[in-house]
Structures are given as structure tokens and as C-alpha cells.
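Asker: My numbering runs 722 ahead of the 1-based position in the sequence shown.
This structure is in C-alpha cells; I'll ask about it shortly.
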Amino acid sequence: MSARFDELVQRALDTIPEPFARALDEVAIVIDDEPSRQQRLEAGLRPGEGLYGLYEGVPRTEYGADWDFIPNKITIFQMALVEDFPDPVELEREVWVTVVHELAHHLGIEDGLLHDLGVD
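Below you can see the structure in the form of C-alpha cells.
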């Protein structure tokens, strides 16, 4: 992982406004090179298919007070993003989109609405 990529992720996190930014306290943000075999299987990825980010956990809208605690995690995958967006400006934009997209999943926002909002 590069320090430059870490910086892009941090800048994206820094742009998230309140009250949504408070939800970041409930989620671990991880940067990894690429998805694990298990993550690939769970995401339904085919061989050669990339993934920019992944939310793992229970969205706020589905959590019940009587449930056991399950850690929430957002993983941002550096290799797919860097390979697909060689232009630094486009890469920064896509890192932002990915961070916001995955945080939105934690907040219970579905892909259809994210698409309508231009965050997909």
C-alpha cells in the first residue's frame, strides 16, 4: 500500500459531513491490496473481476438491540482502483465515491438510491 493512496482515503473520509461522519466511529476502515478469496466468494465476483470497496457488517437500519455485536468494516481495495483509474484526479474522485458508497451501505442505503444520487 502506498502512503499516497492512504492519503486519498483519508481525504475522502474528511469530506463526509455530519451527521454521517459520526457513523465512521462505528466502522473500521481498512485499506487492502485486493479482496481475499472469502470476500471474492461472498461478493459473487467472477475470475478477473475487480472490487473497489466492500462493506461487511450489519447496516444501522437492520440492527436489533438484542443482537450480538458484529464489527462493521469497510475495506477499500487499492489495486483495482489504481489499475482502473491511472489519472490522479479520476483516482481521487473514485476513491471518494467508493468510501461514500460503502459508508452509505452501513447507513442502510441501497445501491438503487446510491445510483440515483450519483454515488455508484
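Yeah, the Cβ is synthetic: ideal placement off N, Cα and C, and Gly gets one too.
Keep in mind it's a predicted model, so treat the numbers as computed, not measured.
1) DSSP state of G775, grouped into three classes?
2) Can you tell which of L829, G779, E764, R726 has its C-alpha closest to the C-alpha of P793?
3) What are the boundary residues of the alpha helix (DSSP H) that includes D806?
4) Note down, in chain order, each residue of its chain lying with its Cβ closer than 6 Å to the Cβ of E824, except the 5 sequence neighbours on either side.
5) Go to D754, then tell me how far its alpha helix (DSSP H) extends in each direction, as first and last residue.
6) Cβ-heavy atom distance between H827 and the ligand NAD below 7 Å?
7) Which residues share a DSSP beta bridge with I796?
8) Could you tell me the alpha carbon to alpha carbon distance between A802 and P757, rounded to whole angstroms?
9) Does the distance from the C-beta atom of Q800 to that of D755 stay below 8 Å?
10) Alpha carbon to alpha carbon, what distance is there between D806 and V716?
11) Verify whether the separation of the beta carbon atoms of L730 and E814 is less than 8 Å.
12) Taking the straight line between their C-alpha atoms, what separation do you get for G830 and T783?
Answerer: According to the structure shown:
1) The sequence position of residue 775 within the sequence shown is 53, counting from 1. Residue state, collapsed to three classes: strand.
2) Locating residue 793 in the sequence shown gives position 71, counting from the first residue. When only C-alpha atoms are compared, the closest one is G779.
3) For the purposes of this step, residue 806 is taken as the residue at position 84 of the sequence shown. Per DSSP, D806 belongs to the alpha helix (DSSP H) from 800–806.
4) In the sequence shown, the residue the question calls residue 824 occupies position 102. So the qualifying residues of the chain are G775, Y777, I796.
5) On the sequence shown, position 32 is the one that residue 754 refers to. Premise fails: D754 lies in the beta strand (DSSP E), 749–754, not in any alpha helix (DSSP H).
6) Of the ligands one can find in the structure shown there are none, so the ligand NAD has no counterpart to examine.
7) Position 74 of the sequence shown, counted from the first residue, corresponds to residue 796. I796 pairs with I751, Y777.
8) Here residue 802 is taken as the residue at index 80 of the sequence shown, counted from 1. Here residue 757 is taken as the residue at index 35 of the sequence shown, counted from 1. If you take the alpha carbons of A802 and P757, they lie about 10 Å apart.
9) By 1-based counting over the sequence shown, the position of residue 800 is 78. By 1-based counting over the sequence shown, the position of residue 755 is 33. Contact check for Q800 against D755 passes: the beta carbons are separated by less than 8 Å.
10) Not covered by the structure: residue 716. The range shown for the chain is 723 to 842.
11) As a first step, residue 730 is located in the sequence shown; it is residue number 8 there, counting from the start. As a first step, residue 814 is located in the sequence shown; it is residue number 92 there, counting from the start. A contact, by the Cβ cut-off of 8 Å.
12) For the purposes of this step, residue 830 is taken as residue 108 along the sequence shown, with counting starting at 1. For the purposes of this step, residue 783 is taken as residue 61 along the sequence shown, with counting starting at 1. Those two C-alpha atoms are separated by around 5 Å.
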